[in-house]
Structures are given as C-alpha cells and as structure tokens.
Amino acid sequence: MFPRIFSNKGTVQKPLALGSLFLQYSCLPCTVPMLKLKKDQTLLIANHERLRLLSIAAIANTQETSLKLETQKQKPLESHSSLHVDPKYFISALLNCKNIFQIKQVHAQVVANGLLNNLFVTNKVLYIYVQHKALGEAYAFFDGMRERDSVSWSVMIGGYAECGNAKESLVLFEWMREEGVVPDKINMVTVVNACAKLGAMHKARFVHDYICRLNFSFDVILGTAMIDMYAKCGSVDCAREIFDRMLEKNVISWSAMIAAYGYHGQGRKALDLFPMMLSSGITPNRITFVSLLYACSHAGLIDEGLQLFNVMWDEYAVRPDVKHCTCVVDLLGRAGRLDEALNLIENMTVEKDEGLWGALLAACRIHKKVELAERAAKSLLELQPQNPGHYVLLSNIYANAGRWEDMAKIRKLMTERSFKKIPGWTWIEVDNKIHQFNVGDKSHPLSKEIYGFLKSMSEKLELAGYVPDTNFVLHDVDEEVKAGILYTHSEKLAIAFGLIATPEGTPLRITKNLRVCGDCHTFIKFVSAITKRLIIVRDANRFHHFNKGTCSCGDYW
DNA sequence: ATAGGGTTAG
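Under the UniProt record's numbering, the first sequence has 527 at position 527, and the numbering climbs by one with no breaks.
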C-alpha cells in the first residue's frame, strides 16, 4: 500500500504553511501533523500502526529532500487481518477527498487494509463516490460489496435520483426488495424523493400504499417528502391531504406546500397558507419567500407579491437575494412593467445571475421590447455563452420584430459555436408503463397510428383556429416544412399516443424534460377543448393544467 | 459498543 501513497515521485508536497506544522500529502487527502525529521531520514513504519503513524509522521526537511518511508518486512496484510487500523482514519480521509482520483486512492487503502467487511467504511466510500456524482464508480463498488444494508441502498437510490436518474433509482428500489432487504423509513424517504423527481403518479400511489403497509407514520421528513412527491406528480390536492394529516410540520413542510401551489398556478392558496404558517409559530426562511413570490408571479398576483417583497426584510428578517429579485422581475415583467423591473435590477446590491436576466428577457419577448431584450440577452450571453436557450430566445425576439438580419447573425453565431442542443423528450404513463418520445420519434410500436392520428387531429385543430407558430422552429427551412417539424415535437407525440391508448375522458399526465414549446402549448389548449380531456403537463419549470381550451398558467410560464 | 443514509428552491 505504501508505494501507492508515495509513488508520487516519492516526495511529499511542500508544506502549505511553514508555521502551521501541517502539510498535505499529495495523494492522501487528509492533513497530517508535521514532525521534524532529519534530512533524508527514513521512517520505519510498522504495518499495524502505519495509518496511525502516518498521521503523526512527518518531515521538516527542506523542500528538495524526499521523504523516504518503508514498511518493516512483515507478513503481508490479509483482508481478515486481526491487525487493527482504526476506521476513522479512512472516514476522515474520505471526507477530505477533493476529486475522484483521491477517492480512488483511499478506496485502494480500504481494500488493502481489509476493511471491505466494515459497512461503516464501505458505505462511506459509496457515499463519497455518489457525492462526487461518480455513479459509474459508485455502482461498480456497490455491485462488488459483499454485504449491503439499508444504508447502502439509501445511498444508491438517493444518489441516482440526485443525479437525475430517478427511473434507475426506482429500479434499484425494486432490486432491494428482491434481495429481501426490508426498507426502513429513510429508505422510503429516498424512494419518495425519486418518485417526485420522476413525476410518475402510479409510482407515487404505489409507494404511498407501500409505506402504509409498512405502518410507517408520516413524520416531518417523510410527510414533507410525500407532499413534494404528490405535488410533483401532478396532484396538488393529494399533497394537501398529506399536509393536513401531518401532526408536526416545520418550515420545510410549509414551504413545500406553498411551492406546490405555486407551480400549479394556485397562487391564492399559496398566499393563504402564509398567515396560517405564522400563527402556528413557524418562522419563514429564504426558501419560503422564494416559494411565495414564485407563486405570486405565476398567478399574476402582482400587488401581493410586491407587498411581500417589501416587507420580507423589515418584518421577517429575510434579506432579499437574487432569487427573490428574479421572482419580482418576473412578476413585474408579466404585467408589462418593464421599467420598474429594470429599475429593480439596476438598484440591486446582490450579484446578478443568469436567471435574473433570463426573467427580464422572457418578459421582453412577451411585450416585444426589442431594445431592452438585446440588453438583457447581452448580459445573459456574457454570463453563459454556452447556453443555447439564450440564443434561441434572442433569435425569437428578432424574428417577432421582423429584424431578420439580426436574427441571421444570432443563428450564425449559434452554428459557429456549434452547440449541443439538449434533446427534448416527453413521457406519458399508460397502463402503469412509461412511454417516452423524442422529437420525431418513430420507435414506438404504435408509431404509424400516432402520426396518422396527429395528422387528422391537426386538420381538426386548424379548422378550429389553431395556427402553427413556426417561430419555435429554428431550422432554416420554409414555413411548410417548419410546420411539419412542429408536428413531430415530443409533447405532441406523447399526447397523441395518450389519446389513442386511453378511454375517452381519461385525464392525460405528461412530463417534459424542457420547458414546453410555445406552439405545443397552444396546440394542447386546442386538444383539451376538442377532445374534452384534462391534460396535465409537467415541464422543467412548472405544471400546466389544460382544460376546455385554457391553461392554468394563463399563457405565462 | 458505536458510527451512517433522509425533507422545501435553484
């Protein structure tokens, strides 16, 4: 094992601060105390003590001098060695890891010291891999673990969900049950969280059922996770039921419920919760105010939002940060009060981020303020030159203003910088199965029927007054082709499939990974009217409830 | 003997 630690040219990094008596070994990510050694002195380290010694071992040699360390010639260390090395050294090394390379180093030490049978240590290795988003390494390690307990499973399930792999995370949960591991409450919190991320209602109901069968009570954390799950699966009412049944609620539970009403467009209900929260003795925090302001902006509650923004610091000691300002810019922008929005931005003392300029830009697009949009877009492109979405927005603004030359410039810029456009996908649950569609997808078994259905549906819609909005197509092709491309958007494919595969009157729930496209939004409004279906769409930002030709977002999202 | 994995926004 030592060659590993000291293989880095056999040297130790120079002391970080001479006076501090601490230095950091280049490969061992923990700080060890320094001790004076003579120049070129060799330290003999006994095997069974080596880690402990390492932490007191040290050098005070000049920076050019190598530190030589040798292990005593002893019997090789076996994995079931009775020689005891305190696991806490490994734990602290793991916690200090700054990158994957360092984790692998410590991981190797864990193996070399026969600690693979110590779940406390192995779970920590797993946890650190996951925290560094190294799912490949984490999985490989997990797969090779001799023994796993509920903590190992929590780490994996939580890690996969956190990294955006909620579907895989739920598969892991299946495996856990197949292995006969009985989930504890914390396991269920991670599973509930994965369901929330996935937004799959049938999974949510199953998990809820499962929790009831295990007789787990809804404590603050589990209950809050369930609120979030139901809300993000499209049912704010189920979320509220859980909320009302919870005996103990903290600021997180209240904020989760307020946020839920917010992204479902029910701003008034979100606001109504606030005084209830105060009177039950809960102090609002930053996130509570983000949720409240967000709810106001998405429901057009302008005066209420401004009022909250004005008193949050004086009355509740929550200092407005850039996120709060963004909500207010959004709020003012929606109302067309762009001068006030700009004024707020210019007088802000906190650092401006891309979300803030993005909110202003979106408002400029709606109210066709080309000059201000240019200014916002410029700031945005300075902050995030690699985000294709910003170019798309600015390009659309020029298109709407008929400034074709400027639009061409932006598109040229996009081509030159050769962006990877994030591919859009949409999925829908039918018969407890998730069907996913990409743009122009033809892989579904019912693909032929779907496209046929879309064609006849579009004729009906156009008779009803629907006009494809080709501003949302960026390819340089003629209008008719553009309209064709629009019809292959993943949202439309998923909805067409849902309409074919479910009985009349069944509500459709679909989830899209990006913000729903403007043309699709109009399209779905018409579909909801003509087919008399409730269509609930979760996009990257919020929920849209389409019913009888209108959307709960009020066309602002 | 004991340790550890869990909730809101972005």
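Cβ atoms here follow ideal geometry from the backbone N, Cα and C, with glycine treated the same way.
Nearest neighbour of glutamine 307, chosen from Leu271, Leu342, Ser280 [CA to CA]: Leu271
Opening and closing residue of the alpha helix (DSSP H) in which threonine 506 lies: Run containing threonine 506: none; DSSP gives neither H nor E here.
Meets three-Cβ-pair contact criterion under 8 Å: the region 535-555 and the region 261-278: yes
For glutamate 449, the first and last residue of its enclosing alpha helix (DSSP H): 447-463
Complete alpha helix (DSSP H) runs within the region 348-408 (minimum length 4 residues, chain order): 354-367, 370-383, 388-400
Cβ pair valine 328, asparagine 285 closer than 8 Å: no
Residues that DSSP places opposite lysine 433 in a beta bridge: Val430
CA-to-CA distance, glutamate 374 to lysine 368, given in whole angstroms: 11 Å
Secondary structure, alpha helix (DSSP H): runs of 4+ residues fully inside the UniProt repeat "PPR" (149-183): 150-162, 166-178
Under the three-state DSSP convention, the category cysteine 327 falls into: helix
Contact under 8 Å by Cβ, isoleucine 450 with alanine 496: yes
Rounded distance between the beta-carbons of alanine 494 and isoleucine 428, thought under 8 Å: 4 Å
Test item: CB-CB of valine 370 and isoleucine 345 under 8 Å: no
Burial state of valine 290 (16 or more Cβ within 10 Å): buried
Residue from Thr283, Glu304, Lys249 with nearest C-alpha to lysine 269: Glu304
8 Å CB neighbourhood of glycine 465 in its chain, flanking five on each side removed: Phe526
Reference cysteine 325, options His521, Lys512, Tyr129, Phe309, closest by Cα: Phe309
Nonlocal neighbours in the same chain, by C-beta distance under 6 Å from glutamate 168, ignoring five residues either side: Tyr160
DSSP state of valine 439 mapped onto helix, strand, coil: coil
Residues sharing a beta bridge with histidine 545, DSSP: Ile536
Beta-bridge partners of isoleucine 510, as assigned by DSSP: Ile428, Val537
Neighbour-count burial assignment, glutamate 351, 16 or more Cβ in a 10 Å radius: exposed
Alpha helix (DSSP H) runs wholly inside the region 189-240, at least 4 long, in chain order: 201-213, 220-232
Where cysteine 520 falls: helix, strand or coil (DSSP): helix
As assigned by DSSP and simplified to three states, the class of residue 597: This structure cannot speak to residue 597, because the chain is shown only from 1 to 557.
Asparagine 550 (DSSP reduced to helix, strand or coil): According to the sequence displayed, residue 550 carries threonine and not asparagine. In this structure, threonine 550 counts as strand in the three-state DSSP scheme.
Exposed unless 16 or more other CB atoms sit within 10 angstroms - verdict on glycine 281: exposed
Residue from Trp425, Ile410, Gly424 whose Cα sits closest to the Cα of serine 418: Ile410
Segment contact flag, the region 400-408 with the region 175-184, C-beta cutoff 8 Å, min 3 pairs: no
Rounded distance between the beta-carbons of serine 490 and phenylalanine 437, thought under 8 Å: 5 Å
Beta-carbon spacing of threonine 522, leucine 499 below 8 Å: no
Sequence-distant residues of the same chain with beta carbon closer than 8 Å to asparagine 165, five excluded per side: Leu135
Three-way DSSP call (helix, strand, coil) for arginine 411 in this model: helix
Residue span of the alpha helix (DSSP H) that contains histidine 107, given as start and end: 100-112
Length of the line joining the Cα atoms of glutamate 248 and aspartate 219: 7 Å
Cβ-Cβ distance between methionine 257 and phenylalanine 243 below 8 Å: yes
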